[in-house]
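Student:
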Amino acid sequence: MNWEQLAATQPTVVKMLTNSLKKNRLAHAYLFEGGRGTGKQQTAVQLARAFFCRHSSEGEPCGECGDCRRILSGNHPDVHTIRPDGQTIKVDQIRHLKKEFSFRGMESKKKVYLVSEAEKMSASAANSILKFLEEPDGEALAVLMTSQYHRILKTIVSRSQVLSFAPLSPDRLVRQMVKEEVPEVQARVAAQLTSDIEEAKTLCSDNWIAQARTKVIQLTDEVFKRPRYAFLMLQDGWLGFFKEKNEIQTGLDLLMIWYRDVIRTQLDQQDELVFFDQEERLRDEALKTSQTKLGHNLTAILNAKRRLEANTSPQLVMEQLLLRLQEG
Ligand SMILES: [Zn+2]
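Each residue of the sequence shown is one higher than the one before, starting from 1 at the first, in full-length UniProt numbering.
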């Protein structure tokens, strides 16, 4: 990866970093925050290469020298990756690093620390690493990474430059997942529910999304064609599948996506469909349902989501939602 490739997904972050590199004004500590799959790790490795490479031009590392190659393969002696040991990053892990350096002497003054899941740093570990950065006789750079910015200690935030990685667009997320062999019918749905690629892949694993999709297709079909059976489907198929509160909410999100797809079909925006393999059914429903009615359906689903959030019983919420969806 070079800066240009990284800039395709994270233009703002790349611009800030390359500007600082060109002016030779890197911060001592960066905090990269953003969802999983947004390129934090790749950007950190690229930054480490730019920091060490002696043949870089305009902030772009050469990619061929010993430093560049060893960093990419993960065995550069002065680039250290720190990951949680169990649930936390402990101060001992940092102390261990310090000791290692004092044994090796000062063969190089430059050091880089890449800290994954930085929200798991204990306060003492955080202090220890930040102190590292303030040592006068070295040049050190720390890149802390997190997908849970709200859990990062304030002392860390105040002493580092925070760079926010933009969430992946649904399109990009789908492309990435399809590349990793997730079926596109599932990827498109998952990409509507999260912008975090790991979470999206988890949703698609063990067929959960595939089954959830089928439930939505069945329920909307019953509502549309055989309203009286919809309640049976609710009892037998729906409530037994979407059990936990967050699952029920997801079920409602999927229903909403379905009715948005019906609206997209009315507007001739077929290339944006999420349930793109259901085009025929969507067209049928689009022809026989007014736009006003579809708008009411979306409102009814939003209300159901709100009531669920306020702890109304899921059964009651869903039954009343079905009645609303069936109203002419
Ligand atoms: Zn190089």
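Beta carbons: idealized from backbone N, C-alpha and C, even for Gly.
All figures in this text were calculated on a predicted structure; none of them were measured in a lab.
(1) For Val162, which of helix, strand or coil comes out of DSSP?
(2) Closest to Val115 by CA distance: which of Glu134, Ser147, Thr220 is it?
(3) Could you tell me how far apart the beta carbons of Phe165 and Gly39 are, in whole angstroms, since I believe they sit closer than 8 Å?
(4) I'd like to confirm something about His76: is its beta-carbon nearer than 6 Å to some heavy atom of ligand 1, or not?
(5) For the candidate residues Ala29, Lys90, Gln46, Leu173, whose alpha-carbon lies nearest to that of Gly37?
(6) Do you know offhand how far Ile71's Cα is from Val178's?
(7) His55 lies in the alpha helix (DSSP H); which residues open and close that run?
(8) Roughly how many angstroms lie between the CA atoms of Asp253 and Lys99, to the nearest whole one?
(9) Rounding to the nearest angstrom, what Cα-Cα distance links Gly251 and Ala212 in this structure?
(10) For Gln5, count the other beta carbons within 10 Å of its own beta carbon; 16 or more makes it buried, fewer makes it exposed. Which is it?
(11) Less than 6 Å between the CB of Cys204 and some heavy atom of ligand 1, yes or no?
(12) If you draw a straight line from the C-alpha of Leu17 to the C-alpha of Leu47, how long is it?
(13) Alpha carbon to alpha carbon, what distance is there between Ala191 and Arg260?
(14) Who are the near neighbours of Met121 in its chain, counting only those whose CB is closer than 6 Å to its CB and skipping five residues on each side?
(15) Can you name, in chain order, every residue of its own chain whose Cβ lies under 6 Å from the Cβ of Gln161, other than the five neighbours on each side?
(16) Within this structure, are the beta carbons of Val91 and Ala125 separated by less than 7 Å?
(17) Give me the DSSP bridge partner(s) of Met121.
(18) Using a threshold of 6 Å, is the CB atom of Pro61 nearer than that to any non-hydrogen atom of ligand 1?
(19) Could you check what DSSP says for Val143 in three-state terms: helix, strand or coil?
(20) Report the start-end ranges of each alpha helix (DSSP H) in the region 173-220 that is 4 residues or longer and not cut off at the edges.
(21) Over the uninterrupted alpha helix (DSSP H) stretch that includes Val112, give me the two end residues.
Tutor: From the atom records:
(1) strand
(2) Ser147
(3) 6 Å
(4) no
(5) Leu173
(6) 29 Å
(7) Element bounds for His55: n/a, residue is neither H nor E.
(8) 52 Å
(9) 7 Å
(10) exposed
(11) no
(12) 8 Å
(13) 15 Å
(14) Ile89
(15) Ala27, Tyr30
(16) yes
(17) Ile89
(18) yes
(19) strand
(20) 184-193, 197-204
(21) Here Val112 belongs to no alpha helix (DSSP H); instead the beta strand (DSSP E) covers 110-115.
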